[in-house]
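A.B. asks: The numbering of the sequence shown is our numbering, which starts it at 57 and goes up by one.
By construction, the Cβ of each residue, glycine as well, lies at the ideal position given by its N, Cα and C atoms.
As the structure is a prediction and not an experimental result, all values here were calculated from the model.
Next up is a structure, given as structure tokens.
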Amino acid sequence: MPLTIGVLALQGDVREHLTSLTALGVTAIGVRRVAELDGCDGLVLPGGESTTIAKLARIFDLDDAIRSRIAGQMPVFGTCAGMILLADRIRDGAAGQETFGGIDMTVRRNAFGRQVDSFEDELSVTGVAGPVHAVFIRAPWVEETGPGVEVLATASDHPVVVRQGPLLATSFHPEVDDDGRLHRLFLEGF
Ligand code: GLN
57 MPLTIGVLAL
67 QGDVREHLTS
77 LTALGVTAIG
87 VRRVAELDGC
97 DGLVLPGGES
107 TTIAKLARIF
117 DLDDAIRSRI
127 AGQMPVFGTC
137 AGMILLADRI
147 RDGAAGQETF
157 GGIDMTVRRN
167 AFGRQVDSFE
177 DELSVTGVAG
187 PVHAVFIRAP
197 WVEETGPGVE
207 VLATASDHPV
217 VVRQGPLLAT
227 SFHPEVDDDG
237 RLHRLFLEGF
């Protein structure tokens, strides 16, 4: 049986993740309900707007279900807004902004600054052979990590790819490139 990977489909670049995952031979489905989450072996939290995704997750009654899957060691991959949602602590969040948490880190939203809202870089990522083309869009960076967090890549001296057990997060958007190596790294965690 191939793995079934859900992509939280409330807002953001859901289709790009579904395409990246399908290309790697897994079954990828959009998740909007707990019943859909129940059928998943792992979950992707896409890029988009973390405040909107968090609000919708609460409205759709998915927030606590996702927290309990994370607590139960379900593999979860968050990109950009998804990284923010996996952070135990955030800076420059909207008033009262909540996350699902799971990774023992502090993430600063929109950290790379207004004047460079979007930029691209070539990164070296531990566990991935060769340079990775990284697209950053109003991206967060990681400011502090706990002892259980591995830093797999940095940009501007800040972690931008981190892993804690089955949880993986990137500040950038591997789903917008026809690359697949970061998604494969996530799938290697199963
Ligand atoms: N700045 C966005 C947020 O706070 C994230 C941007 C993105 O996912 N490209 O959610």
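Let me know if R34 comes out buried or exposed under the rule of 16 or more other beta-carbons within 10 Å of its beta-carbon.
C.D. replies: Residue 34 is absent from the model: the chain starts at 57 and stops at 246.
A.B. asks: Taking the alpha-carbon positions, what's the V184 to G152 distance?
C.D. replies: By one-based count along the sequence shown, residue 184 stands at place 128. By one-based count along the sequence shown, residue 152 stands at place 96. So the alpha carbons of these two residues sit roughly 36 Å apart.
A.B. asks: Compare the beta carbon distance of L142 and A225 with 8 Å and say whether it is the shorter of the two.
C.D. replies: Along the sequence shown, one-based indexing puts residue 142 at 86. Along the sequence shown, one-based indexing puts residue 225 at 169. Their beta carbons are under 8 Å apart, which means L142 touches A225 by this criterion.
A.B. asks: Cutting at 6 Å between CB atoms, please list the residues of its own chain near P230, excluding the five before and the five after it.
C.D. replies: Position 174 of the sequence shown, counted from the first residue, corresponds to residue 230. Counting only Cβ-Cβ distances below 6 Å, and skipping sequence neighbours, we find L238.
A.B. asks: Could you check whether the Cβ of A137 sits closer than 7 Å to any heavy atom belonging to the ligand GLN?
C.D. replies: Working through the sequence shown from its first residue, we reach residue 137 at position 81. Correct: A137 has its Cβ closer than 7 Å to the ligand GLN.
A.B. asks: What do you reckon, is the C-beta of R165 under 7 Å from a heavy atom of the ligand GLN?
C.D. replies: Numbered from 1 along the sequence shown, position 109 holds the residue referred to as residue 165. It does: the Cβ of R165 is within 7 Å (strictly closer) of some heavy atom of the ligand GLN.
A.B. asks: If we ignore side chains and look at the alpha-carbon of each, how far apart do F89 and L208 end up?
C.D. replies: Within the sequence shown, numbered from 1, the residue matching residue 89 stands at position 33. Within the sequence shown, numbered from 1, the residue matching residue 208 stands at position 152. Checking the sequence, you will find Arg at residue 89 rather than Phe. Taking the straight line from one Cα to the other gives about 32 Å.
A.B. asks: Could you compute how far the alpha carbon of R164 sits from the alpha carbon of M57?
C.D. replies: Within the sequence shown, residue 164 is the residue found at index 108, counting from 1. Within the sequence shown, residue 57 is the residue found at index 1, counting from 1. Answer to the nearest angstrom: the Cα atoms are 39 Å apart.
A.B. asks: I'd like to confirm something about I140: is its beta-carbon nearer than 7 Å to some heavy atom of the ligand GLN, or not?
C.D. replies: Position 84 of the sequence shown, counting from 1, holds the residue named residue 140. Answer for I140: yes, Cβ within range of the ligand GLN.
A.B. asks: Run through DSSP, which three-state label would H214 get?
C.D. replies: Sequence index remark: in the sequence shown, residue 214 carries index 158 (1-based). It is a strand residue.
A.B. asks: Of all the options E206, A211, T210 and S227, which has the alpha carbon lying nearest to the alpha carbon of G23?
C.D. replies: There is no way to answer for residue 23, as the model of the chain reaches only from 57 to 246.
A.B. asks: Quick one: is A127 buried, meaning 16 or more other Cβ sit within 10 Å of its Cβ, or exposed?
C.D. replies: Mapped onto the sequence shown, residue 127 falls at position 71. Burial call: exposed.
A.B. asks: Look at the alpha carbon of V191 and the alpha carbon of T210, and state the distance between them as a whole number of angstroms.
C.D. replies: What you label residue 191 is simply residue 135 of the sequence shown in a count that begins at 1. What you label residue 210 is simply residue 154 of the sequence shown in a count that begins at 1. For V191 and T210, the distance between alpha carbons rounds to 14 Å.
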